[in-house]
Structures are given as structure tokens and as C-alpha cells.
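Visitor: Chains A and B supply the protein sequences, listed in that same order. First residue of the first sequence? That's -2 in our numbering, and the numbers climb one at a time after it. First residue of the second sequence? That's 20 in our numbering, and the numbers climb one at a time after it.
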Amino acid sequence: MTEFVDSLLALIPEWGALSLALITYLSCLAVPIPASLAMMAGGAFAAAGDLDPLAISFGALGGALLGDQSGYLAGRFGGVLIARRRRRQDPAGTRQGGGGRSEALLVRARALLERHGALGIFFSRWLLAPLGPWMNLTAGAVGFPWPRFTLWAALGEIVWVGLYVGLGMVFVESFPLVAEFLGDLSMALVLLAAALAIAWWLWRHGQGGTARKRF
Amino acid sequence: MKRRTALIALLVLSLALAGLFTARAVMIATMLRNEGPASTLPIAPWMTPRYIVRAYHVPPSEMRALLDLSPGEGGRLTLEEIAARRGVPVETLIARIEQALPADAPSEGKAPQAESGGRP
């Protein structure tokens, strides 16, 4: 393991729930920090009798929930700023081109999130975890309803924390390898999801193109 | 048309990378399976005495003797902190523990090293 990971793991028995709260908080803001590994370590130290499993779970959950809210707020703030600047540059909303295209993209992203956002937010907490921080920003930027965001993010984080602390308690001897295995699997799933999305786009636009040519 | 070609390239790249990550995951799973329930980690400075007792099946009394711990001392301290308090290099403590481990437990250099990425 790298020295950074070793130092991170050394913080956990000493700082307990607080260290996990900080780690999960930062991971929700896209800071590249191995939060799942840290939670598994927390679980392993709990199984060994060093830490209280409930305390570390609540710590990790608190950090993750706060992190999600921070990401959402940052996205919201950024989204409002962009909209305000656009309105200042083009008060009547008549200008075409780049501005219009990004506006259309935002509208489409909002429609997509409104249709499938709840599931996207839920699964990007744990199954497709690498997407989580970006999902928070996007949900905030497109104005996804805050109560729905909070509900689905919280449900997803409960699964994330419960799953990884629990796995740490079971795989006390080999948790770093198990964390690596799950991290790889999660990345593979994210990449497959991206490939599916691209394939879907190509198929749809391929069909549209043919239809336009025909008529 | 240009955009289509770029997207097809991206699609192929995503699938190839997904394949690589899956292959790595399968490799790790095989390693975990072959190692069985035995520890797959060498003793490290971040470990606590209780963690070593639990993960490497070392009797608590032996652990206390190895680290010169009085009963109740060393609770959540890591090996690194214990070494610093004793004024000895942490490697000395690690070597002492490794010598006392059961034969099937891994030692430094023998066990697979785990790396770690971002979330999760």
C-alpha cells in the first residue's frame, strides 16, 4: 500500500468516527481519497474491539450526508451564476449558437434527471460510487428538487456505509484486497454504463439520420 | 460524422477499460480465494495490537508480551505510536511480531500488496 494510504489507516483507530466523517465528506466532494477502504478499516478495527461500530457508522454517514449537501449546494450556486451571466449577456434570450446549445443541454439534463434522477442519485452513492460527486453537482446545477435529492442521497449513503463497514467487520484480515476488488468492479460498471449510454446515443442518432435522409 | 467516429472510439475505449478492470477484479478474487481465510496483509505500522490479535490469531497475552504492554495499555495505539513511545524503530516491533506469527501468516515481501484508488 502507498504511504498515503498507510497514514490514512493509522488515523482511523486514533480519531475513530471523526476521521471517517472527514474522509467520507471529502470523498463526496471528488477529493481522491479511498473512503470505502477507510470505512472497511473502521469495520475491521471495530471487529477487533478498538472502535464502536455504531459510532463509526454514524460518523461516516454524517460526513457523507454533509458532503452530498455541499456538492448539491455548490452545483446550485454554480448553476444560478451561469444562468445569471447568460441573462446579463442576452437579456431577451434571442441569441443563437453556443449559449443556446448549452441551454438545451441543461434542459435535457434536467429532464433526464427528473425522469431517472432518483435512481441515479441512489446508485451513484454506492454501486456506481465514482459518479457520486458529479451527480451531486449536476443535481444542484439543474435544480433537481432538494427534498427528493436529500431522500435518495441519504438512502444511498446508508447502503454505502452499512455495506462497507459491514464488509470490514467480516473481512478483518483481508479488507484492503476486498476494497480493491470492489473498487475495480465499481469502475468496470461505471465504464460499462458509459459505453451503454454512448451506444444508445449512436443508435438513436443513427436512426434519426436515416429517417431524415429518407424524407 | 467526425463526432460519430470520436464516439465510436470512446465506446471501444470504455469497453476495453471495463474489461481491464473486470480482469483485475477477477485476479484479486482468485487471490483472495486461494489465500483462504488466512491473512493477506503483512504486519504494518498502522495496525493496532487488538487488530493483530484478531486478524493473525495471536493470543492477547503473547501480543502484550511482544510489545511490553501492561494490561490495559496500548488500547487504540498503532504500532507506530507504540514504537515512538518505546523509542525504538517500528520495524523492530514488526519483526518481533512476525517471528511470533503462525507459519501460514504472510510476512513482509511475501504477501500481495494492495493498492487503493479513489472512492470507493
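By construction, the Cβ of each residue, glycine as well, lies at the ideal position given by its N, Cα and C atoms.
I'd like to know whether the C-beta of Ala103 (chain B) is nearer than 7 Å to at least one C-beta of chain A.
Guide: The count along the second sequence starts at 1 and reaches residue 103 (chain B) at position 84. By this cut-off, Ala103 (chain B) is not an interface position.
Visitor: Suppose you measure from the CA of Arg104 (chain B) to the CA of Gly159 (chain A); what does that come to, to the nearest Å?
Guide: Numbered from 1 along the second sequence, position 85 holds the residue referred to as residue 104 (chain B). Numbered from 1 along the first sequence, position 162 holds the residue referred to as residue 159 (chain A). The straight-line gap from Cα to Cα measures roughly 35 Å.
Visitor: How big is the Cα-Cα spacing for Lys210 (chain A) and Ala194 (chain A)?
Guide: Taking the first sequence and counting its residues from 1, one reaches residue 210 (chain A) at position 213. Taking the first sequence and counting its residues from 1, one reaches residue 194 (chain A) at position 197. Any reading at Lys210 (chain A) must be qualified, since the residue scores a pLDDT of 43, below 50, and its modelled position is unreliable; the value itself is stated next. Cα to Cα, the separation comes out at about 24 Å.
Visitor: At 7 Å on the CB atoms, spell out the chain B contacts of Pro10 (chain A), in chain order.
Guide: Position 13 of the first sequence holds residue 10 (chain A). Within chain B, the residues near Pro10 (chain A) are Thr67, Arg95 and Thr97.
Visitor: Name the chain B residues whose beta carbon is nearer than 8 Å to that of Asp47 (chain A)?
Guide: Here residue 47 (chain A) refers to the residue found at position 50 when the first sequence is read from its first residue. Near Asp47 (chain A) (Cβ distances below 8 Å), the residues of chain B are Thr67, Arg69, Tyr70, Gly94 and Arg95.
Visitor: Helix, strand or coil for Met37 (chain A) per DSSP?
Guide: As a position in the first sequence, residue 37 (chain A) is number 40, starting the count at 1. Three-state DSSP puts Met37 (chain A) in a helix.
Visitor: Name the two residues that bound the continuous alpha helix (DSSP H) containing Phe40 (chain B).
Guide: Mapped onto the second sequence, residue 40 (chain B) falls at position 21. From DSSP, the alpha helix (DSSP H) with Phe40 (chain B) extends over Lys21 to Glu54.
Visitor: According to DSSP, simplified to helix, strand and coil, what is Val104 (chain A)?
Guide: For this step, residue 104 (chain A) is matched to residue 107 along the first sequence. Helix at Val104 (chain A).
Visitor: Is the CB-CB distance between Leu189 (chain A) and Ala37 (chain B) below 7 Å?
Guide: What you label residue 189 (chain A) is simply residue 192 of the first sequence in a count that begins at 1. What you label residue 37 (chain B) is simply residue 18 of the second sequence in a count that begins at 1. Taking 7 Å as the Cβ cut-off, Leu189 (chain A) and Ala37 (chain B) qualify as a contacting pair.
Visitor: Roughly how far, in whole angstroms, is the beta-carbon of Thr97 (chain B) from the beta-carbon of Thr67 (chain B), given that I think they are within contact range, below 8 Å?
Guide: Numbered from its first residue, the second sequence carries residue 97 (chain B) at position 78. Numbered from its first residue, the second sequence carries residue 67 (chain B) at position 48. With 8 Å as the limit, Thr97 (chain B) and Thr67 (chain B) qualify as a contact, their Cβ atoms being about 6 Å apart.
Visitor: Go ahead and pull the three-state DSSP assignment for Met184 (chain A).
Guide: Translated into positions along the first sequence, residue 184 (chain A) becomes position 187. Helix at Met184 (chain A).
Visitor: Short of 7 Å in beta carbon distance, which residues of its chain neighbour Ile30 (chain A), apart from the five on each side in sequence? Order them along the chain.
Guide: Position 33 of the first sequence, counting from 1, holds the residue named residue 30 (chain A). These residues qualify, in order along the chain: Ile20, Leu23 and Ser24.
Visitor: If you reduce the DSSP assignment to three classes, tell me which class Leu88 (chain B) lands in.
Guide: As a working mapping, residue 88 (chain B) is identified with position 69 in the second sequence. If DSSP states are grouped into helix, strand and coil, Leu88 (chain B) belongs with coil.
Visitor: What did DSSP end up calling Glu170 (chain A) once you bin it into helix, strand or coil?
Guide: Taking the first residue of the first sequence as 1, we reach residue 170 (chain A) at position 173. Here Glu170 (chain A) sits in coil by DSSP.
Visitor: Are there 16 or more other CB atoms within 10 angstroms of the CB of Gly95 (chain A), so buried, or fewer, so exposed?
Guide: On the first sequence, residue 95 (chain A) is found 98 positions in, with the first residue counted as 1. With a pLDDT of only 47 at Gly95 (chain A), under 50, the local geometry of the prediction cannot be trusted, and the value read off the model is given with reservation. Classification of Gly95 (chain A): exposed, given that the 10 Å Cβ count is below 16.
Visitor: Is the CB of Ile47 (chain B) under 7 Å away from at least one CB in chain A?
Guide: Within the second sequence, residue 47 (chain B) is the residue found at index 28, counting from 1. Taking Cβ atoms only, chain A reaches closer than 7 Å to Ile47 (chain B), which makes this a yes.
Visitor: So that I know if they touch, is there some Cβ in chain A lying closer than 7 Å to that of Arg43 (chain B)?
Guide: Locating residue 43 (chain B) in the second sequence gives position 24, counting from the first residue. Answer yes: the Cβ-Cβ gap between Arg43 (chain B) and chain A drops below 7 Å somewhere.
Visitor: Run through chain B and tell me which residues come within less than 8 Å of Ala44 (chain A), C-beta to C-beta.
Guide: As a first step, residue 44 (chain A) is located in the first sequence; it is residue number 47 there, counting from the start. The answer, in chain order, is Arg73.
Visitor: With 7 Å set as the bound, which would you pick, yes or no: does the beta-carbon of Leu120 (chain B) sit closer than that to a beta-carbon of chain A?
Guide: What you label residue 120 (chain B) is simply residue 101 of the second sequence in a count that begins at 1. So no, Leu120 (chain B) is outside the interface.
Visitor: Please list, in chain order, the residues of the region 182 to 195 of chain A that have any C-beta partner in chain B closer than 7 Å.
Guide: Listed by position along the chain: Leu182, Ser183, Met184, Ala185, Leu188, Leu189, Ala191, Ala192 and Ile195.
Visitor: Apart from the five residues on each side of it in sequence, which residues of its chain come closer than 8 Å, Cβ to Cβ, to Val175 (chain A)?
Guide: Position 178 of the first sequence holds residue 175 (chain A). Closer than 8 Å at Cβ, skipping near neighbours: Met37, Leu164 and Phe168.
Visitor: So, is Phe74 (chain A) buried or exposed, given that buried needs 16 or more other C-beta atoms within 10 angstroms?
Guide: Taking the first sequence and counting its residues from 1, the one referred to as residue 74 (chain A) is at position 77. The residue is exposed, with fewer than 16 neighbouring Cβ atoms inside 10 Å.
Visitor: Are Ala14 (chain A) and Gly56 (chain A) close, meaning C-beta to C-beta below 7 Å?
Guide: Walking along the first sequence from the start, residue 14 (chain A) turns up at place 17. Walking along the first sequence from the start, residue 56 (chain A) turns up at place 59. Result yes, Cβ atoms of Ala14 (chain A) and Gly56 (chain A) sit closer than 7 Å.
Visitor: Just to check, is the beta-carbon of Ser33 (chain B) closer than 6 Å to a non-hydrogen atom of the ligand HEM?
Guide: Annotation note on the ligand HEM: not contained in the displayed structure, which lists no ligands.
Visitor: Listing by chain order, which chain B residues have their CB less than 7 Å from the CB of Asp3 (chain A)?
Guide: Residue numbering aside, residue 3 (chain A) sits at position 6 when the first sequence is read from its first letter. In chain order: Ala63, Pro64 and Trp65.
Visitor: Does DSSP classify Trp198 (chain A) as helix, strand or coil?
Guide: As a first step, residue 198 (chain A) must be located in the first sequence, where it is residue number 201. Three-state DSSP puts Trp198 (chain A) in a helix.
Visitor: Using a Cβ cut-off of 9 Å, pull out every chain B residue sitting near Ala41 (chain A), in sequence order please.
Guide: For this step, residue 41 (chain A) is matched to residue 44 along the first sequence. The contacting residues are Tyr70, Arg73 and Ala74.
Visitor: Does any residue of chain B bring its CB to less than 7 Å from the CB of Gly95 (chain A)?
Guide: On the first sequence, position 98 is the one that residue 95 (chain A) refers to. With a pLDDT of only 47 at Gly95 (chain A), under the threshold of 50, the placement of this residue in the model should not be trusted; the figure read from the coordinates follows. So no, Gly95 (chain A) is outside the interface.
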